[in-house]
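Since the structure comes first, as structure tokens, the remarks are kept for the end.
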Amino acid sequence: MTTQVAIVGGTGKLGAIIHAVIDDLDGFEVSRVLSSSSDLSELAGADLVIDASTPQVSIDVVRSAVEHGQNVLVATSGWSAERIALVRPLVEAAGTAAVFIPNFSLGSVLGSALAAAAAPFFDSAEIVEAHRETKIDSPSGTAVRTAELIAAARSEQGPVSAPHADQRARGQQVGSVPIHSLRRPGVIAKQEVVLAGPGESLTFTHDTVEPALAYAPGIRLAVPFTRDASGVVVGLENMIDIGIRS
Numbered sequence: 024m025t026t027q028v029a030i031v032g033g034t035g036k037l038g039a040i041i042h043a044v045i046d047d048l049d050g051f052e053v054s055r056v057l058s059s060s061s062d063l064s065e066l067a068g069a070d071l072v073i074d075a076s077t078p079q080v081s082i083d084v085v086r087s088a089v090e091h092g093q094n095v096l097v098a099t100s101g102w103s104a105e106r107i108a109l110v111r112p113l114v115e116a117a118g119t120a121a122v123f124i125p126n127f128s129l130g131s132v133l134g135s136a137l138a139a140a141a142a143p144f145f146d147s148a149e150i151v152e153a154h155r156e157t158k159i160d161s162p163s164g165t166a167v168r169t170a171e172l173i174a175a176a177r178s179e180q181g182p183v184s185a186p187h188a189d190q191r192a193r194g195q196q197v198g199s200v201p202i203h204s205l206r207r208p209g210v211i212a213k214q215e216v217v218l219a220g221p222g223e224s225l226t227f228t229h230d231t232v233e234p235a236l237a238y239a240p241g242i243r244l245a246v247p248f249t250r251d252a253s254g255v256v257v258g259l260e261n262m263i264d265i266g267i268r269s
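In my numbering, each number is its position in the sequence shown, counted from 1, plus 23.
Below you can see the structure in the form of structure tokens.
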């Protein structure tokens, strides 16, 4: 049986990439393409909902899908652990699935996992992320997820050292990790995680050069996974064994 897919934000850049990937997936068919301003009643009848809308609309998409018993794959940025916690009880009560993917790039997932694995060995950690000027939210969902992973990996060591964090120029702290966001022309998506200790530093850099090529493998993993999932799942790393343990 073919799984009927509805994409909210399907008229945007990421939505178009997701649509193209699904067109090549056996057993799936995109039957509804909504913009971020569409009436969510148009989701009725879909077997699977994919959200590639905006941070403001995304929460309504997730709630609508859950209320109608639909599993939902969330590709929209702006979902922190605190925000996900708001919908977790709704998902569990409905017996559906909400899968949150901060970044479909396998390289990005590996970079964040490596940074988290190294974080307990360094007292200082900061993130610098850059996106094109059209990205409306900051910090990026990838940076937030990376900071959350670093904080979790340092549960025994405690918060990272972030001197003068009360100054606005020191960035926004997530899990004690300062995040600095750049929005400028000439870049697609880039993230640097800088870890530092006495006499040395270690930097993990991921640079997205061609989104369609970078995201396609992750999308191909996430769509079937979400169809068969239950509960709340965060991160592409739950779908692959990357062999890294923090």
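Beta carbons are placed, not taken as given, at the ideal position from N, Cα and C, and that holds for glycine.
When the five nearest sequence neighbours on each side are left out, the beta carbons in the same chain lying within less than 6 Å of the beta carbon of Leu71 are those of Thr26, Val28, Asn94 and Arg250, in order along the chain. Taking His154 as the centre and dropping the five residues before and after it, the same chain places the C-beta of Ser163, Arg206, Val210 and Ala212 closer than 7 Å to its C-beta, in chain order.
Taking 8 Å as the cut-off, the Cβ atoms of Ile173 and Ala136 do not count as close. Along the segment 41 to 121, the beta strand (DSSP E) occurs as fully enclosed runs of 3 or more residues at 51 to 57, 71 to 74 and 94 to 97, listed in sequence order.
DSSP places Phe123 within a strand segment (E or B) once states are collapsed to three.
Counting the other Cβ atoms within 10 Å of the Cβ of Arg111 gives fewer than 16, which makes it exposed.
Ala174 sits in a helix when the DSSP states are folded into three classes.
In the three-state reduction of the DSSP assignment, Val197 falls in the strand class. Exposure of Ala43 is indicated by the presence of fewer than 16 other C-beta atoms within 10 angstroms of its C-beta.
At a Cβ-Cβ threshold of 8 Å, Val256 and Val122 count as neighbours.
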